[in-house]
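Going by my numbering, the sequence shown opens with residue 20, and the numbers climb by one from there. Note that CB positions come from ideal geometry on N, CA and C, so glycine has one too. Only one structure is covered here, and it is reproduced in the block below.
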Amino acid sequence: MRILLVNPSNKGYYYRLGAVYPPLGLFYISSTLKKIGHSVRVIDMNVEPFDWRNFDYSSFDVVGVSTDTVRFPLAKQICQVVKSQGVITVMGGPHATAEYEKILTDGICDYVVLGEGEVVLPKLLEALKNNERKPDLSGLCYIENGTIVSKKPEFVEDLDLLPFPDRENFTAYRTMFDKKMATSVITSRGCPFNCEFCSASQFMGMRIRKRSIENVVEELKILKKMNYGSVIFFDDNFTIDKTRTIKLCEQMLKENLNFSWWAFSRADELLGKEDLVEAMSKAGCKMLFIGFESAEDEILQEYNKKLSSSIAFDVAKLLKKYKIDLFASFIMGALNDTKESIKKTIKFAKKLGAEIVQFSIMTPYPGTKLYEKLKSKITVKDLSMFDGTNLVFQHPKFSPDELKKLFFKAYYSIYSTPRLIFKRGIPFLIKLLSTGQQAAYSM
20 MRILLVNPSN
30 KGYYYRLGAV
40 YPPLGLFYIS
50 STLKKIGHSV
60 RVIDMNVEPF
70 DWRNFDYSSF
80 DVVGVSTDTV
90 RFPLAKQICQ
100 VVKSQGVITV
110 MGGPHATAEY
120 EKILTDGICD
130 YVVLGEGEVV
140 LPKLLEALKN
150 NERKPDLSGL
160 CYIENGTIVS
170 KKPEFVEDLD
180 LLPFPDRENF
190 TAYRTMFDKK
200 MATSVITSRG
210 CPFNCEFCSA
220 SQFMGMRIRK
230 RSIENVVEEL
240 KILKKMNYGS
250 VIFFDDNFTI
260 DKTRTIKLCE
270 QMLKENLNFS
280 WWAFSRADEL
290 LGKEDLVEAM
300 SKAGCKMLFI
310 GFESAEDEIL
320 QEYNKKLSSS
330 IAFDVAKLLK
340 KYKIDLFASF
350 IMGALNDTKE
360 SIKKTIKFAK
370 KLGAEIVQFS
380 IMTPYPGTKL
390 YEKLKSKITV
400 KDLSMFDGTN
410 LVFQHPKFSP
420 DELKKLFFKA
430 YYSIYSTPRL
440 IFKRGIPFLI
450 KLLSTGQQAA
460 YSM
């Protein structure tokens with residue numbers, strides 16, 4: 020069958036700073052479908068011009084659209100145009116998984132795929148090929164006789180069985196890291212921590228599923244032949260298994276892969292594990308992204324973060340010892356946050372001495388525990404504003420303007436320091452603050 024997979028554009032912070040990476044979920048699905056004989060085209064609107072309003076979709080048998088919450092308004096419009104041309108539409112991604120009932124009730128698409136698409140989508144296409152429009156499949160949702168039919172998804176148990184992501188047309192991605200061409204890799208799926216503001220545990224499951232070291236290294240060798248010099252490991256938590264991470268680092272050194280790379284980690288997984296940090300540094304790790312979230316332990320408890328702010332400076336010191344930059348992330352606008360606690364967090368972030376600091380405004384995304392708690396208080400209906408830079412619910416202590424001003428002051432406070440202006444430059448600060456809503460910023 021002829022399949023079109025569409026990744027709607029996202030014009031958020033990372034896009035503005037030039038960090039645009041391949042949508043690996045769609046490229047995994049593409050390679051999976053190609054392997055069994057389907058013809059697949061992937062359009063990533065972040066890097067490819069796409070006139071979705073006037074495109075002729077009729078040459079495809081099925082169109083799949085991936086979406087998170089902030090991109091859902093555009094994904095919805097694309098699906099509506101596809102359906103108007105009489106083509107079967109499938110929607111997937113975190114937002115579709117969380118909101119499948121409303122999506123189907125509103126008639127936005129024909130099917131919603133829950134969770135990972137590599138298992139259910141091939142089975143759906145086989146059923147459609149045999150003119151079976153209502154197959155009984157795990158992870159597939161649709162409407163039958165006015166009733167929503169849905170079954171829980173099956174996760175991919177053995178990730179080594181998946182073909183590597185379809186990188187046939189990766190030349191459009193020009194993101195650099197450490198002055199080298201960079202691309203993304205996922206070595207595991209799932210997250211056991213279930214933080215209140217994050218949907219990763221719901222979308223990918225709470226049990227960690229890991230690719231073998233041999234399988235990961237084989238993919239890295241391919242990337243090296245494609246002239247990539249940098250890699251970003253997009254696992255939800257790259258360092259959760261210390262032994263595995265060290266073995267991967269040792270194998271990368273043994274194979275002389277020589278990548279510069281960064282990954283996502285947690286502070287409590289690094290403290291007291293100098294051997295892990297040393298192994299990563301030797302293997303080319305140049306930066307780790309760590310969500311510290313707040314300087315207040317009370318706020319961390321609210322987030323169900325399961326760690327204390329007291330360890331942050333020891334972790335920062337450890338990374339500095341091994342010349343690994345810190346990418347520190349913080350969230351403002353917790354229900355228990357006050358102006359004083361946010362200012363304390365800003366000072367905390369500034370003192371930490373991270374190479375990059377990210378601030379986000381707490382956002383209740385569908386599929387999170389936070390959303391279930393706050394959905395009756397959500398005041399913003401435009402989901403494109405659920406980008407982490409806007410207050411979208413009725414907060415007990417802040418108005419949207421008040422929190423927005425603190426948000427911009429946080430960035431200005433961090434990036435106007437001589438150290439970061441010297442290292443990053445004024446253009447970086449301007450780009451970072453340029454979210455399209457700078458008028459809200461007031462000193």
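Inclusion of residue 61 and residue 79 in the CB contact set at 8 angstroms is not warranted, their separation being larger than that value.
Sequence-distant partners of residue 120 (beyond 5 residues in either direction) whose C-beta falls short of 6 angstroms from its own C-beta, in its chain, are 167.
When C-alpha distances from residue 116 are compared across 97, 337, 385 and 426, the shortest belongs to 385.
DSSP lists 131 and 169 as the beta-bridge partner residues of residue 160. Looking only at 399, 141 and 429, the smallest Cα-Cα distance to residue 413 is reached by 399. The alpha helix (DSSP H) runs of length 4 or more contained entirely in the region 224-301 are, from start to end of the chain, 232-244, 261-273 and 293-301.
For residue 23, same chain residues with a beta-carbon under 6 angstroms away, outside a window of 5 residues either side, are 60, 79 and 82 in chain order.
A distance of 8 angstroms or more separates the beta carbons of residue 88 and residue 393.
Nearest in C-alpha terms to residue 198, of all of 429, 27 and 279, is 279. Taking a cut-off of 8 angstroms on C-beta distances, the region 140-156 does not touch the region 174-183, as fewer than three cross pairs fall below it. Runs of the beta strand (DSSP E) spanning 3 or more residues and lying entirely within the region 307-355 occur at 344-351, in chain order. Put simply, the region 346-358 touches the region 409-428. At least three CB pairs are less than 8 angstroms apart. Straight through space, the alpha carbons of residue 229 and residue 259 are spaced by roughly 11 angstroms.
In its chain, beyond the 5 residues on either side, 64 and 65 have a beta carbon closer than 6 angstroms to the beta carbon of residue 28. In chain order, 351, 352, 407, 408, 409, 410, 422 and 426 place their CB closer than 7 angstroms to the CB of residue 380, counting only its own chain and leaving out the 5 sequence neighbours on each side. Here DSSP, grouped into helix, strand and coil, assigns residue 28 to coil. In the structure shown, residue 98 falls within a helical segment according to DSSP collapsed to helix, strand and coil.
In the structure shown, residue 124 falls within a helical segment according to DSSP collapsed to helix, strand and coil. Secondary structure note for residue 50: its alpha helix (DSSP H) is the uninterrupted segment 43-54. The straight-line gap separating the alpha-carbon atoms of residue 189 and residue 378 is approximately 30 angstroms. By alpha-carbon distance to residue 93, the top candidate from 76, 346 and 127 is 127. With 16 or more other Cβ atoms from the protein chains shown falling within 10 Å of its own Cβ, residue 136 counts as buried. Counting only residues of its own chain and dropping the five nearest sequence neighbours on each side, residue 157 has a CB closer than 7 angstroms to the CB of 139, 170, 171, 172 and 173.
Following the DSSP letters along the chain, one finds residue 116 inside the alpha helix (DSSP H) bounded by residues 113-117.
Ranked by Cα distance from residue 429, the first of 342, 395, 391 and 376 is 376. Measuring C-alpha to C-alpha distances from residue 108 to each of 25, 231 and 43 identifies 25 as the nearest. Here residue 371 really is in contact with residue 332; their C-beta atoms are around 7 angstroms apart, less than 8 angstroms. Excluding its 5 nearest sequence neighbours in each direction, residue 308 has C-beta neighbours in its own chain below 6 angstroms: 283 and 346, listed in chain order. Less than 8 angstroms divides the Cβ of residue 267 from the Cβ of residue 232. For the pair residue 134 and residue 323, the Cα-to-Cα distance works out to about 23 angstroms. The three-state reading of DSSP puts residue 80 in coil, since its state is none of H, G, I, E or B. One thing to note: residue 344 has its Cβ no nearer than 8 angstroms to the Cβ of residue 369. For residue 400, there is no enclosing alpha helix (DSSP H), as DSSP marks it with neither H nor E.
The C-beta of residue 56 has fewer than 16 other C-beta atoms within 10 Å across all chains shown, which makes the residue exposed. In this chain, residue 364 is not harboured by any beta strand (DSSP E); it is covered by the alpha helix (DSSP H) spanning 358-371. Using a Cβ distance threshold of 8 angstroms, residue 325 and residue 212 count as a contacting pair.
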